[in-house]
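To start, the structure under review is shown below, and the notes come after it.
Numbering (the working numbering), first residue to last: 1097 to 1305.
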């Protein structure tokens, strides 16, 4: 049953909504703009009418993977892991599916929206803090990549503080968030290089459609 949870989470994450929406609009999102399979590139290229739904769908597949896995763990007698651990592992596999989808030769997006949905399913308060940090960073810099990286760094700190305030005895969620933050940062390594060189483009939405 645990193997089913992992496979289902990966397959949920691997659904390439940005690619599918791009095809509906008549383009291959992998060949325009930044060529990234993410909501940001869709928004830049096609506008918010396409980009916002992609973000929402990527967010929801992360949330669905976590909640479904927790439900299975709670209702399966003799499950070898706790519901929280099942949710965290499902989140990781969902983000991996988004970043490396089998349907597109393992070349996917950077996992920010899917990670956000996963974290919302595990600890909503921490996700709210991360979203505020993302918005503030983006409004100040207009760099989506920098906002995503900063939010990824802040999230483990926010989770740690929330766990301390709640007098939690298990810090598995904190370690999970560190790993997820590392994955997001690694997926943004090209953006980091451009930020350092001063060649990273600021967010300017295309007027297409």
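Every residue gets a Cβ at the ideal spot worked out from N, C-alpha and C, and that includes glycine. Only a predicted model underlies this, so the values are computations on that prediction, with no experimental measurement involved.
Taking the C-alpha atoms as reference points, what is the distance between residue i and residue j?
i, j, result
"residue 1209", "residue 1245", "13 Å"
"residue 1236", "residue 1292", "17 Å"
"residue 1299", "residue 1285", "18 Å"
"residue 1231", "residue 1183", "26 Å"
"residue 1259", "residue 1229", "19 Å"
"residue 1105", "residue 1187", "7 Å"
"residue 1196", "residue 1270", "24 Å"
"residue 1227", "residue 1136", "15 Å"
"residue 1199", "residue 1263", "43 Å"
Using CA coordinates, which residue listed in the options is at the minimum distance from residue i?
i, options, result
"residue 1238", "1158, 1287, 1297, 1260", "1297"
"residue 1272", "1256, 1282, 1261", "1256"
"residue 1147", "1157, 1125, 1162", "1125"
"residue 1185", "1249, 1099, 1241", "1099"
"residue 1252", "1233, 1221, 1193", "1221"
Buried or exposed for residue i, please, with buried defined as at least 16 other CB atoms from any protein chain shown within 10 angstroms of its CB.
i, result
"residue 1202", "exposed"
"residue 1278", "exposed"
"residue 1304", "Reliability fails at residue 1304, whose pLDDT of 46 lies under 50, so the model's placement of it is uncertain and no value is given."
"residue 1225", "buried"
"residue 1103", "exposed"
"residue 1283", "buried"
"residue 1173", "exposed"
Kindly list the residues whose CB is nearer than 6 Å to the CB of residue i, restricted to its own chain and excluding five residues on each side of it in sequence; keep chain order.
i, result
"residue 1128", "1141"
Among residues of its own chain, excluding the 5 on either side of residue i, which ones have a beta-carbon nearer than 7 Å to its beta-carbon?
i, result
"residue 1156", "1213"
Would you check if the distance between the CB atom of residue i and the CB atom of residue j is smaller than 8 Å?
i, j, result
"residue 1204", "residue 1159", "no"
Keeping to the same chain, check which residues put their C-beta closer than 8 Å to that of residue i; ignore five residues upstream and five downstream.
i, result
"residue 1178", "1169"
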